[in-house]
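Asks:
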Amino acid sequence: MELDVDASERFLMKRLAGKVALVTGGARGIGAATAKVFAQHGAHVVIADILDDLGTNLAHSINGRYIHCDVSVEPDVESAINLAITWKGKLDVIFNNAGISGSDGSTTAIDMEQVKRVISVNLNGIIHGIKYAAKAMIKGGQGGSIICTSSSAAIMGGLGGHGYTSSKAAITGLVRSCACELGKEGIRVNCISPHGVPSEMLVSAYRRLLGQEEMGVEEVSKIVGERGSLLKGRAATVEDVANAAVFLASEESGFITGHNLVIDGGYTSGCSTMSFIYQ
Ligand SMILES: NC(=O)c1ccc[n+]([C@@H]2O[C@H](COP(=O)([O-])OP(=O)(O)OC[C@H]3O[C@@H](n4cnc5c(N)ncnc54)[C@H](O)[C@@H]3O)[C@@H](O)[C@H]2O)c1
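This note's numbering applies: residue 432 is where the sequence shown begins, and numbers increase by one.
#1: In chain order, what residues of the same chain lie with their CB nearer than 6 Å to the CB of SER582, ignoring the 5 residues before and after it?
#2: Please report how far the alpha carbon of GLY697 lies from the alpha carbon of GLY647, in whole angstroms.
#3: Look at the alpha carbon of ILE558 and the alpha carbon of HIS626, and state the distance between them as a whole number of angstroms.
#4: Expressed to the nearest angstrom, what Euclidean distance is found between the alpha-carbon atoms of GLY572 and GLU616?
#5: Would you mind listing the alpha helix (DSSP H) stretches within the stretch 513 to 555 that are 4+ residues and don't spill past its ends, in chain order?
#6: Please state if the CB of VAL508 and the CB of GLY560 are separated by a distance shorter than 8 Å.
#7: Can you name the residues that DSSP bridges to CYS609?
#8: Hey, how far is the Cα of VAL446 from the Cα of VAL476?
#9: In three-state DSSP terms, what is ASP480?
#10: With respect to the beta strand (DSSP E) encompassing SER624, which residues constitute its N-terminal and C-terminal limits?
#11: Please find out if some non-hydrogen atom of ligand 1 comes closer than 7 Å to the beta-carbon of ASP483.
#12: Entirely within the stretch 449 to 510 and at least 3 residues each: give me those beta strand (DSSP E) ranges in chain order.
#13: I'd like to know whether the C-beta atoms of GLY659 and TYR595 end up nearer to each other than 8 Å.
#14: In three-state DSSP terms, what is THR704?
#15: Grouping DSSP H, G and I as helix and E and B as strand, with all else coil, what is ILE654?
#16: Does MET568 pass the burial test, meaning 16 or more other C-beta atoms within 10 Å, or should it be called exposed?
#17: Please determine, among VAL620, LYS566 and ARG607, the residue with the shortest C-alpha to C-alpha distance to LEU679.
#18: Any heavy atom of ligand 1 inside 7 Å of the beta-carbon of GLU631?
#19: DSSP three-state label for THR603, please.
#20: What's the gap between the Cα of THR704 and the Cα of SER608?
#21: Quick check on THR580: does DSSP put it in helix, strand or coil?
#22: Closer than 7 Å to a non-hydrogen atom of ligand 1 - does that hold for the CB of ALA529?
#23: Below 8 Å, how does it come out for the stretch 535 to 555 and the stretch 469 to 485: are there three or more Cβ pairs, yes or no?
Set out below in structure tokens:
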């Protein structure tokens, strides 16, 4: 078999060389992994988060910038985008990734203040990000890539609280809607739907729901690998999601817009409980 030199060179090269990217929720978890992988691929990265110590340290380690930004506060998001423009003169990529899980519980006892908070971070935060990123990208005239974090909970019920699920489902509609408008400007708008990534968010949810305070990343990965993936024994990692974000940020995905890239080890595609039919 002939070696595909082009493919191996593409793999090794810096796929985001010179691009300027903003990552919200970039201080830890999926956002932090993405900020690191973006930087490894040559991007200049601004991290926007509310965890100032973690965010500042990470930004320092990747030669990036950090800004305190609560994505539910519109002027905070505008300031984060302005920082990227002041620093490097343009914005090529925004990863609208900040999110919270909100509360669980029955719909009959739903706490509307909690729902409002989840929507204000998970959905309004993304609207803010798209608004100011699109403005900057249109002004710059170079197009861009807008990536938003939705969830497997947007596809299947039963994977998150009602407020969280509503916010994540709304993101997929918002992304399609904005892709329709912004395509003419060369701006692509996509979302990523992770599932079962053992970040602080997921591990603390498992601890809370199973009442096992001592649970850690390894145990959660094991459970997800056994029950939450068609790839038995394989759970998601934060890097799996980061690598997908690199693809959507890079020119390799240049003809992809309005898409929801699901990163779930096939979990929402079907179940394997009747796998005996394949024998
Ligand atoms: N972990 C999973 O299995 C999973 C699955 C599907 C979707 N997601 C989504 O992935 C995204 C990242 O979550 P994660 O799993 O890395 O969890 P995480 O809790 O480790 O990271 C979330 C980050 O967002 C930041 N953040 C929270 N509220 C913010 C606000 N108001 N303004 C700015 N930053 C804020 C946090 O400080 C943190 O750095 C979220 O949108 C989450 O809903 C995660």
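Glycine residues also receive a C-beta, built at the ideal position from the N, C-alpha and C atoms.
Replies: Taking the definition as stated:
#1: LYS599 and SER624
#2: Rounded to the nearest angstrom, the two C-alpha atoms are 24 Å apart.
#3: 22 Å
#4: 8 Å
#5: 543 to 549
#6: yes
#7: The partner list for CYS609 (beta bridge, DSSP) is empty, contrary to what the question assumes.
#8: According to the sequence displayed, residue 446 carries Arg and not Val. Their Cα atoms are separated by approximately 14 Å.
#9: strand
#10: 618 to 625
#11: Every heavy atom of ligand 1 is 7 Å or more from the Cβ of ASP483, so no.
#12: 451 to 455, 475 to 480 and 496 to 499
#13: no
#14: coil
#15: helix
#16: buried
#17: VAL620
#18: yes
#19: helix
#20: 36 Å
#21: strand
#22: yes
#23: no
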